[in-house]
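Asks:
There are 2 protein chains.
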Amino acid sequence: MYSLSEENYLKAIYHLQGETGEAVSTNAIADRMETKASSVTDMIKKLSEKTLVTYVKYQGVHLTEEGRLAALKVIRKHRLWEVFLVEKLQFTWDQVHAIAEQLEHIQSEQLIDRLNTFLGDPKFDPHGDPIPDKDGNFSEHHNKVLADLTDDDKGVCVGVKESDDQFLQYLNRHKIGIGSQITVLDKEEYDGSMLIQIAGKELFISGEIANNIYIN
Amino acid sequence: MYSLSEENYLKAIYHLQGETGEAVSTNAIADRMETKASSVTDMIKKLSEKTLVTYVKYQGVHLTEEGRLAALKVIRKHRLWEVFLVEKLQFTWDQVHAIAEQLEHIQSEQLIDRLNTFLGDPKFDPHGDPIPDKDGNFSEHHNKVLADLTDDDKGVCVGVKESDDQFLQYLNRHKIGIGSQITVLDKEEYDGSMLIQIAGKELFISGEIANNIYIN
DNA sequence: TAAGTTTTTTAGTCTTATCTAAAAAATATT
DNA sequence: AATATTTTTTAGATAAGACTAAAAAACTTA
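Residue numbers (the numbering used here), protein chains in the order written: chain A, 8 to 223; chain B, 8 to 223.
#1: Give me the Cα-Cα distance between A/Ser10 and A/Gly67, rounded to the nearest whole angstrom.
#2: Have a look at B/Asn144, B/Asp142, B/Gly143, B/Gly162 and flag the residue whose alpha-carbon is nearest the alpha-carbon of B/Lys151.
#3: Report the residue from B/Thr71, B/Glu209, B/Ile222 whose alpha carbon sits nearest the alpha carbon of B/Glu29.
#4: Could you tell me how far apart the beta carbons of B/Ala107 and B/Trp88 are, in whole angstroms, since I believe they sit closer than 8 Å?
#5: Determine the direct distance from the alpha carbon of B/Ile222 to that of B/Gly143, and round the result to whole angstroms.
#6: From A/Asp225 to A/Arg83, what does the alpha carbon distance come to, in whole angstroms?
#7: How about B/Arg39: is its C-beta nearer than 8 Å to some C-beta of chain A?
#8: Residues of the region 114-146 of chain A in Cβ contact with chain B at a cutoff of 7 Å, in chain order, please.
#9: With DSSP as the reference, label A/Glu73 as helix, strand or coil.
#10: Can at least three beta-carbon pairs, one atom from the region 28-42 of chain B and one from the region 198-218 of chain A, be found at a separation below 8 Å?
#11: Unbroken alpha helix (DSSP H) runs of length 4 or more, entirely within the region 160-203 of chain A: which are they?
#12: Hey, is A/Gln97's beta-carbon within less than 8 Å of any beta-carbon in chain B?
#13: Give me the Cβ distance between B/Arg180 and B/Asp136, rounded to the nearest whole Å; I'm assuming they're in contact under 8 Å.
#14: Does B/Gln109 get closer than 8 Å to chain A when you measure Cβ to Cβ?
#15: Does B/Ile106 have its Cβ less than 8 Å from a Cβ in chain A?
#16: Considering B/Phe211, what are the terminal residues of the beta strand (DSSP E) in which it resides?
#17: Please confirm whether B/Gln114 and B/Met8 have their CB atoms less than 8 Å apart.
#18: Let's see if you can read the secondary structure: which residues bound the alpha helix (DSSP H) around B/Ile113?
#19: Leaving out five residues before and five after B/Val31 in sequence, what residues of the same chain have Cβ atoms less than 6 Å from its Cβ?
#20: Output needed for B/Ala206: all residues of its chain with C-beta closer than 8 Å, excluding positions within five of it in sequence on either side, in chain order.
#21: In chain order, what residues of the same chain have a beta carbon less than 6 Å from the beta carbon of A/Val165, not counting five sequence neighbours either side?
#22: Determine the direct distance from the alpha carbon of B/Leu92 to that of B/Thr99, and round the result to whole angstroms.
#23: Report the start-end ranges of each alpha helix (DSSP H) in the region 43-92 of chain A that is 4 residues or longer and not cut off at the edges.
#24: Considering only residues of the same chain and omitting the five flanking positions on each side of A/Pro133, which have a CB-CB separation below 6 Å?
#25: Of the choices A/Arg121, A/Asp159, A/Val167, whose alpha-carbon is the least far from that of A/Phe131?
#26: Assign B/Gln102 to buried or exposed, taking buried as 16 or more other Cβ atoms, counted over all protein chains shown, within 10 Å of its Cβ.
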């Protein structure tokens, strides 16, 4: 199949290109992967020869359908392993990313099929991100965030928009996780900050945080 | 830690050096790893600089204690993952080796600790090979084989000496697995071949096969 | 022990994926 | 529009790990 490095580039490009499929710049890829632009150019040429991306010099890259599906396979593996780590091995949601970054490169269709079955064919990972199925289709992503609620509204946390460790650890400390019931007590319309009720306690959060928590 | 390639060399040397810790030749390593002797020489020098092996030109290598422990860590991971694949994902014992070869290189102490707990701290892998603990200690290996039994003796299969796919698939076809009750009906002393009772049926096996099945 | 064979090492090359430094193209600024 | 700045690409180098071919050392065997 594809090399570890190729898979990582495909994944990065997938995440950067967004819903709309805009062109992804060399520098954007270099930043995300913590590598140099010249390395990115090299790899892009390689991916382009393998018809995983379309590439016009100085104009960035787009994933081809083949490339998109390859990226989704890696993402599927990553998210299934995250479910495994949290549900079966009792890791917390801020601990699983680094390990899943390794596990996502294990090559075996059968392994992933069986892991999927073992986990009960889950639709979302521990951060609430949707898990693509074998063919690269996935349930629609959540779109309502805590910031959309107003005074006295209630919601259940179903995921997070950003999932860097700092943020997840903050949520852990305040007992916010998937399934948590949240009530908005007092929202400050000026900056979106709000006082909420969570796990029996009151907590004041910034608008930025409220915007990163998906709610249903 | 160590690179994937280094880990594979350490594992190969460990398996080749046997109980006694004899010197392992360059060619033996090359054969086992399906690579060229010149590549082995290169890697040996590298491992030697890292004090994982002792090496004298033209005289083969020995693992140092540090190297032995590093090899055992990889073997521990390999065997724990094999247990996972068989017990949790319903793979058969001939299917797990190739996948475990990949999984054994995942780096995370915590992952292995938790996997070990999740699996109930198993002492043997699906082929009956002992699983080293965190510190590299393991239960004594089985030593009685089916070939040691004689007419009317009974035993339970607890492992296999060789575990190549062909052999394991042969055992699968004849419903021989760990825990199988075996009775020797008629042993031919000349070549060690024997007629046995297994899974309610009679089966004739060669002395070579009888010598590869561990019994308790 | 001298010749022949096998094993092991050396020397040099290749591939993958990086990097730095410099050149080229695109974009922004006055 | 000309100049300055940023982005991207090219050119050349490096490191890991493998390879081939040839040299060197170690062993067989007569």
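For each residue, glycine too, the CB sits at the ideal point set by N, CA and C.
Replies: According to the structure data:
#1: Answer to the nearest angstrom: the Cα atoms are 22 Å apart.
#2: Looking at the Cα atoms, B/Gly162 is the closest of the given residues.
#3: Nearest C-alpha to B/Glu29: B/Thr71.
#4: 5 Å between Cβ atoms; contact.
#5: Going by the C-alpha atoms only, they are around 25 Å apart.
#6: What the structure shows of chain A is the stretch from 8 to 223, and residue 225 of chain A is not part of that stretch, so it cannot be assessed.
#7: It does not; no Cβ of chain A falls within 8 Å.
#8: Correct list: Gln114, Ser115, Leu118, Arg121, Leu122, Phe125.
#9: DSSP places A/Glu73 in helix when its eight states are reduced to three.
#10: Because the criterion of three Cβ pairs below 8 Å is not met, the region 28-42 of chain B and the region 198-218 of chain A do not touch.
#11: Counting only runs of 4 or more, we get 172-180.
#12: A/Gln97 counts as touching chain B.
#13: In fact, because the Cβ distance is near 22 Å, the residues do not count as touching under 8 Å.
#14: It does; some Cβ of chain A falls within 8 Å.
#15: Contact of B/Ile106 with chain A is assigned, a C-beta pair being separated by under 8 Å.
#16: Its beta strand (DSSP E) spans residues 208-212.
#17: Result yes, Cβ atoms of B/Gln114 and B/Met8 sit closer than 8 Å.
#18: Run containing B/Ile113: none; DSSP gives neither H nor E here.
#19: Taken in chain order, the residues that qualify are Ile20, Leu23, Gln24, Gly67, Val68.
#20: Excluding residues within five positions, the ones whose Cβ falls inside 8 Å are His181, Lys182, Ile183, Ser187.
#21: Within the same chain, A/Val165 has close Cβ partners Gly135, His149, Tyr221, Asn223.
#22: B/Thr99 and B/Leu92: Cα-Cα distance of roughly 8 Å.
#23: Along the length of the region 43-92 of chain A, whole alpha helix (DSSP H) runs at least 4 residues long occupy 44-56, 72-90, reported in chain order.
#24: Closer than 6 Å at Cβ, skipping near neighbours: Glu89, Val93, Trp100.
#25: Nearest option by C-alpha distance: A/Val167.
#26: By the 16-neighbour rule on beta-carbons within 10 angstroms, B/Gln102 is buried.
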